[in-house]
Amino acid sequence: MEMTVQLTIDCSDPQRMVTFWAEALGYVPEPPPGGHATWRAYWAAVGVPEAELPAGAGDIAESIIDPAGRGPRVWFQQVPEPKVAKNRWHFDLKVGGGRDVPLDVRTQRVEATVDRLVKAGATVLRIKDEPDMGLYAAAMQDPEGNEFDVV
């Protein structure tokens, strides 16, 4: 039996999250299926009642996909309540290249990614600079406060 994995993230602004996480992960907004012009048009075609679609829902993609087809689909599900506690999961964006790459090179790669993601709407929570352990990483938050690491 074949299985695929989708990561669903609750949020208040799916389009903002699509924009941020597409940039962070190198993903692209998922195009609507079957030649439909928008996701809203697709949902209408499959019978989703208009009353179940909030204003603007489906006009722009609410999911992102890996253009190479390797990573999971990520769907940003709009929910009414805000995030109130620490994540029980998080992304580790492994940009450094691993322990075989010199620490100064890994540090430069992490810093470049952190700068790019701050420009995209992320916030730096703390920098983990522990050269004795061969570690340089950043703990960050996405635009809705979900934690992730850049390593």
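Under numbering that gives the first Met the number 0, the first residue of the sequence shown carries the number 0, and numbering increases by one thereafter. Every residue, glycine too, gets a C-beta built ideally from N, C-alpha and C. Quantities reported herein were computed from a predicted structural model and do not represent experimental measurements.
query, result
"Distance check for P31 and A60, CA to CA, integer angstroms please.", "7 Å"
"Out of V149, E29, K127, which one is the CA nearest neighbour of R115?", "V149"
"Quick check on the DSSP output: the alpha helix (DSSP H) that includes T7 runs from which residue to which?", "Looking at the DSSP string, T7 is not in any alpha helix (DSSP H); the run it does join, the beta strand (DSSP E), is 5 to 10."
"Bridge partners for K127 per DSSP, in chain order?", "A136"
"Considering only residues of the region 24 to 90, which uninterrupted beta strand (DSSP E) runs meet the minimum length of 3 residues and lie entirely inside it, listed in chain order?", "62 to 64, 72 to 77"
"State the DSSP-derived secondary structure class of D103, mapped to helix, strand or coil.", "helix"
"So, with DSSP's three-state summary, where would you put D114?", "helix"
"To the nearest angstrom, report how far apart A36 and V45 are at their CA atoms.", "14 Å"
"Around the Cβ of G95, are there at least 16 other Cβ atoms within 10 angstroms (buried) or fewer (exposed)?", "buried"
"Given a cut-off of 7 Å, decide if G144 and F19 are closer than it, judged by their beta-carbon atoms.", "no"
"Buried or exposed: L92, going by 16 or more other Cβ atoms within 10 Å of its Cβ?", "buried"
"Taking the continuous beta strand (DSSP E) assigned at V149, which residues delimit it?", "146 to 149"
"Could you work out which residue in A138, P71, E80, A136 is closest to M2 when comparing CA atoms only?", "P71"
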